[in-house]
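Colleague:
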Amino acid sequence: MKEGYREVDISSNTEIAKGIFELKVQIESNDSLGDPGQFYMLRSWDFDPLLSRPFSICNIEGSVVTFLYKIVGRGTNYLSKLKPKDKLKVLGPLGNGFNLNVNGKVALISGGIGIPPMIYLAKKLSTEIDFYAGFTNEVYYMDYVQKYVNKIYITTEDGSTGQKGFITDIFRPEKYDVVFTCGPSAMMKKVVEKCENMIPVFVSMESIMACGMGACLGCSIKTKSGMKRVCKEGPVFEGREVFFDD
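If you want it as structure tokens, here you go:
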């Protein structure tokens, strides 16, 4: 990773579902552009809002890095207005990603906009994978994911696609040797509880970040071994180590 922000070109910025955008940026580097579970800090503004926004890597093809994001506030609203050839400031790749050295059958479980790191992980793992994806209504990116996995399970809250309900309703941990998950905290907590002590489960945590490099401690979460920084020790943690209610 190069220290400091770099100014890069936007290749595309497309709305793929209501309020959900696929952002592709061109990043020239002699270093690795990132591994599954790592993230970048992005900003297209100078002062307001003050903080950059963290986004997990969804895919890397050559020098093009793909992110998915949902419009939830001013920062992401600014991003949604950007067009090809516009400039973007990026810092990364940051954080510790997933361990790719796993054997046996794997379950990848995503909820909402927690799907990006699961997509890139599905591409990079060399083992049998079932992909679980929970959406509110509109489903996206599943055609792409299908190329890399054995089976896809989908739930939508309105029942428009797949099974109606939540993705944790249909997840059966006894079928798997390792589980990876990213999404709302309540969803990941449920996944960890269902796995009990049967199999390893790894979670990708999300948090508001200021620096993205571990200096400000603003993204710290409570774990069984003390406070940990999502941006530095994470964002990937062993699921049973995390206190989801704190």
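Residue numbers (the numbering used here): 1350 to 1595. For every residue, glycine included, the Cβ atom is placed at its ideal position computed from N, Cα and C.
(1) Among D1492, T1505, G1483, P1522, which residue has its Cα nearest to the Cα of S1459?
(2) For G1444 and D1594, I'd like the C-alpha separation in whole angstroms.
(3) Identify which residue in S1405, L1437, T1363, V1591 has its Cα closest to the Cα of I1464.
(4) Just the C-alpha distance for I1359 and L1382, rounded to the nearest angstrom, thanks.
(5) Got a sec? Which residues, its chain only, sit under 7 Å from V1498 by beta carbon, not counting five neighbours each side?
(6) Helix, strand or coil: which one does DSSP assign to N1598?
(7) Give me the DSSP bridge partner(s) of P1584.
(8) Buried or exposed: which applies to M1467, given that a residue is buried once 16 or more other Cβ atoms fall within 10 Å of its Cβ?
(9) Taking C1531 as part of the beta strand (DSSP E), name the residues at either end of that continuous run.
(10) By the 10 Å Cβ neighbour count, where 16 or more other Cβ atoms means buried, how is D1384 classified, buried or exposed?
(11) Answer yes or no: do G1353 and G1446 have a C-beta to C-beta separation smaller than 8 Å?
(12) What are the boundary residues of the beta strand (DSSP E) that includes P1433?
(13) In the DSSP assignment, what are the bridge partners of E1371?
(14) Check whether the segment 1510-1523 touches the segment 1435-1444, counting contact only when three or more Cβ pairs, one atom from each stretch, lie closer than 8 Å.
(15) Once DSSP output is grouped into helix, strand and coil, what is the label at E1549?
(16) Quick one: is S1616 buried, meaning 16 or more other Cβ sit within 10 Å of its Cβ, or exposed?
(17) Can you tell me which of T1476, E1487, V1494, T1572 puts its alpha carbon nearest to the alpha carbon of V1527?
(18) CB-CB under 6 Å to E1590, same chain, minus the five flanking residues each way: which ones, in chain order?
(19) Can you find the residues in the same chain that come closer than 6 Å, C-beta to C-beta, to M1576, ignoring five residues on each side of it along the sequence?
(20) Which of helix, strand or coil does DSSP assign to P1403?
(21) Could you give the first and the last residue of the continuous beta strand (DSSP E) run that contains D1479?
(22) Does the Cβ of G1532 have 16 or more other Cβ atoms within 10 Å, making it buried, or fewer, making it exposed?
Modeller: So, from the data block:
(1) G1483
(2) 23 Å
(3) S1405
(4) 16 Å
(5) A1471, I1478, D1479, F1480
(6) This structure gives no information on residue 1598, because the portion of the chain shown stretches from 1350 to 1595.
(7) N1445
(8) buried
(9) 1527-1531
(10) buried
(11) no
(12) From DSSP, P1433 is part of no beta strand (DSSP E); its letter is neither H nor E.
(13) T1363, L1417
(14) no
(15) Going by the sequence as given, residue 1549 is Pro instead of Glu. Note: P1549 maps to coil in three-state DSSP.
(16) With the chain running from 1350 to 1595 in the structure shown, residue 1616 is simply not present.
(17) T1476
(18) T1572, K1573
(19) S1569
(20) strand
(21) 1478-1484
(22) buried
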